[in-house]
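Have a look at the structure below, then the notes.
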Amino acid sequence: MEKAKSALNFGSGPSKLPLEVLEDVQKEFVNYRDIGFSITELSHRSEEYTELNQQAQDDLRTLLSVPDNYKILFTQGGGQGLLSAIPLNLIGENGTADYIITGIWSTVAANEAKKYGQINCIHAECDVPSEEKWNLNENASYLFYCDNETIEGKEFHFVPKVENIPIVADMSSSIMMKKIDVSKFGVIFAAAQKNLGTAGLGVVIVREDLLGRALNICPSFLNFTQLSQHNSILNTPPIFSIYLLSKVLKWVKQNGGLETMEQRCKEKSKLLYDTINESGGFYHCLVENTSIRSRINIPFCINGGDAKMEEKFLSEAAKCQIYQLKGHKLVGGIRVSLYNSISYNDVMILTDFMIKFKKENEKVIQHE
Numbered sequence: 001m002e003k004a005k006s007a008l009n010f011g012s013g014p015s016k017l018p019l020e021v022l023e024d025v026q027k028e029f030v031n032y033r034d035i036g037f038s039i040t041e042l043s044h045r046s047e048e049y050t051e052l053n054q055q056a057q058d059d060l061r062t063l064l065s066v067p068d069n070y071k072i073l074f075t076q077g078g079g080q081g082l083l084s085a086i087p088l089n090l091i092g093e094n095g096t097a098d099y100i101i102t103g104i105w106s107t108v109a110a111n112e113a114k115k116y117g118q119i120n121c122i123h124a125e126c127d128v129p130s131e132e133k134w135n136l137n138e139n140a141s142y143l144f145y146c147d148n149e150t151i152e153g154k155e156f157h158f159v160p161k162v163e164n165i166p167i168v169a170d171m172s173s174s175i176m177m178k179k180i181d182v183s184k185f186g187v188i189f190a191a192a193q194k195n196l197g198t199a200g201l202g203v204v205i206v207r208e209d210l211l212g213r214a215l216n217i218c219p220s221f222l223n224f225t226q227l228s229q230h231n232s233i234l235n236t237p238p239i240f241s242i243y244l245l246s247k248v249l250k251w252v253k254q255n256g257g258l259e260t261m262e263q264r265c266k267e268k269s270k271l272l273y274d275t276i277n278e279s280g281g282f283y284h285c286l287v288e289n290t291s292i293r294s295r296i297n298i299p300f301c302i303n304g305g306d307a308k309m310e311e312k313f314l315s316e317a318a319k320c321q322i323y324q325l326k327g328h329k330l331v332g333g334i335r336v337s338l339y340n341s342i343s344y345n346d347v348m349i350l351t352d353f354m355i356k357f358k359k360e361n362e363k364v365i366q367h368e
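Residue numbers for the sequence shown follow the UniProt record's numbering, beginning at 1 and rising by one.
Below, the structure is given as structure tokens:
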């Protein structure tokens, strides 16, 4: 485990997991709770899994203060599966839905939803609540938005206000990083591989009155009503991913809960943004509007988008065991992801490297 202690993973997902969680899993992996075999061999009909499944739901409900009239579901198919599940469960026959488009993932979501109904795409910034300018469809079955666009580095810092339309939020990258009022939403969903564990699991929080609306073509394993009726054990669930989720939730609770996670997120992002802003233009944020900048995924370029310099940055960072900094292929540059498992000290190591790299390379640029 020594390498895991020294290497830093700033990947956008799958992301770094807390070392304490990994060590705990390592201890239990071969012999789960002294039952004589691995968690990966556990029957989903066993008492042990029933307890694990319920504990994970209870911890989610406690940490997020989920009201009693909401169901917590575990799904398979990852984020893409959930982007299909939303219209399949909510749009209704001949239905319509509003999608706020702020980046690539909300665009992907809208394109997926178009397979099942009429989609009204609202191209908007996520800086100022301006619902009156959004041209909402009063007959929409729901309003969808992506709380944090991981590729572009844009984040909603407010919840849209609409009347009589359920709000659906993709919080795959922001869940567990801030306190939220769940009662403002019809559905909140998240793929697990950023702040909730590892790939292969989706978490859905759905208001009970929205159940029973699925299209006939909705596959059973994505049908929220059926999943609710079977306590998310309609078929064999991704047991290891749910086990890992339970470990991550326990870690969040032991480390101060959402209030602490939110404060840490603010401090980490401030340190990185300050380093970029104080670089004299050597580093430059790709999101110009400061009011919509993400606290979670921070993309920037080097020397005005100098590809060779950015490759050198990545190479030198890797020599220091700092990894997963390459920007998304559709945006380019550098991207730093600051999920809950990234500590303030981790960011200090990165920013110290950035300052050192700037000092060593701005002289080279000046002499070219």
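Every residue gets a Cβ at the ideal spot worked out from N, C-alpha and C, and that includes glycine.
Sequence-distant residues of the same chain with beta carbon closer than 7 Å to residue i, five excluded per side
| i | result |
| --- | --- |
| N235 | F221 |
| T225 | L211, G212 and A214 |
| K179 | L258, E259 and E262 |
| L286 | G153, P299, F300, C301, V331 and G333 |
| Y49 | L42, S43 and I239 |
| S228 | K71, L73 and L211 |
Of the listed residues the options, nearest to residue i (C-alpha basis)
| i | options | result |
| --- | --- | --- |
| residue 369 | N195, I302 and N137 | This structure cannot speak to residue 369, because the chain is shown only from 1 to 368. |
| G202 | V182, I180, S172 and C218 | S172 |
| residue 374 | L271, T290 and L211 | Past the edges of the chain, shown from 1 to 368, lies residue 374, and the structure says nothing about it. |
| E51 | E288, G332 and S246 | S246 |
| E132 | I217, I122 and N345 | I122 |
| N94 | V347, A113 and F185 | A113 |
| F185 | E311, I298, I165 and F240 | I165 |
| L73 | S38, C146, I188 and L325 | I188 |
| A192 | I242, Y116 and P87 | I242 |
| E125 | A140, L64 and T102 | T102 |
| K319 | T290, G305, L350 and D306 | L350 |
| E311 | K326, G304, Q321 and I322 | K326 |
| V21 | W251, S343, N137 and L143 | W251 |
| L136 | A97, N231 and V159 | A97 |
| L83 | H157, A109 and L60 | A109 |
Residue burial classification, residue i (beta-carbon count within 10 angstroms, cutoff 16)
| i | result |
| --- | --- |
| K358 | buried |
| Q76 | buried |
| D352 | exposed |
| G79 | buried |
| P219 | exposed |
| I217 | exposed |
| P67 | exposed |
| Q54 | exposed |
| K16 | buried |
| R264 | buried |
| T275 | buried |
| N31 | exposed |
| R33 | exposed |
Endpoints, beta strand (DSSP E) assigned at residue i
| i | result |
| --- | --- |
| Y70 | Y70 to T75 |
| L258 | Taken as a continuous stretch (DSSP letters only), L258 belongs to no beta strand (DSSP E), being part of the alpha helix (DSSP H) at G257 to N277. |
| P299 | N297 to I302 |
| V204 | G202 to R207 |
| Q324 | Note, Q324: premise wrong, no beta strand (DSSP E); not H, not E. |
| I167 | I167 to D170 |
| A191 | V187 to A191 |
| I119 | Q118 to H123 |
| T96 | T96 to I101 |
Cβ separation of residue i and residue j, assumed to be a contact under 8 Å, to the nearest whole Å
| i | j | result |
| --- | --- | --- |
| K268 | L215 | That belief does not hold up - the Cβ atoms of K268 and L215 are roughly 42 Å apart, past 8 Å. |
| N25 | L244 | Checking the sequence, you will find Val at residue 25 rather than Asn. With a Cβ gap of about 7 Å, V25 and L244 count as contacting. |
| I104 | L330 | 6 Å |
| N90 | V168 | In the sequence on display, residue 90 carries Leu and not Asn. Yes, they are in contact, since the Cβ atoms of L90 and V168 sit about 7 Å apart, within 8 Å. |
| S6 | Q254 | About 23 Å separates the two Cβ atoms, so there is no contact after all. |
Beta-carbon contacts of residue i that lie in its chain and below 6 Å, excluding the five residues immediately before and after
| i | result |
| --- | --- |
| N148 | E155, S173, S174, S294 and I296 |
| M1 | Legend: pLDDT at M1 = 40, less than 50; position of this residue unreliable, no value from coordinates given. |
| K3 | Low confidence applies here, because K3 scores a pLDDT of 47, under 50, leaving its location unreliable and the question unanswered by this model. |
| residue 434 | Since the first residue shown for the chain is 1 and the last is 368, residue 434 is missing from the structure and cannot be characterised. |
The alpha helix (DSSP H) enclosing residue i, as first and last residue numbers
| i | result |
| --- | --- |
| V336 | From DSSP, V336 is part of no alpha helix (DSSP H) but of the beta strand (DSSP E) over I334 to S337. |
| I233 | Unbroken run through I233: none, as it is neither H nor E. |
Contacting residues, own chain, Cβ-Cβ under 8 Å from residue i (five flanking each side not counted)
| i | result |
| --- | --- |
| H367 | Residue confidence for H367 is low, a pLDDT of 47 falling below 50, so the modelled location carries little weight and cannot support an answer. |
| L271 | Y344, V347, M348 and T351 |
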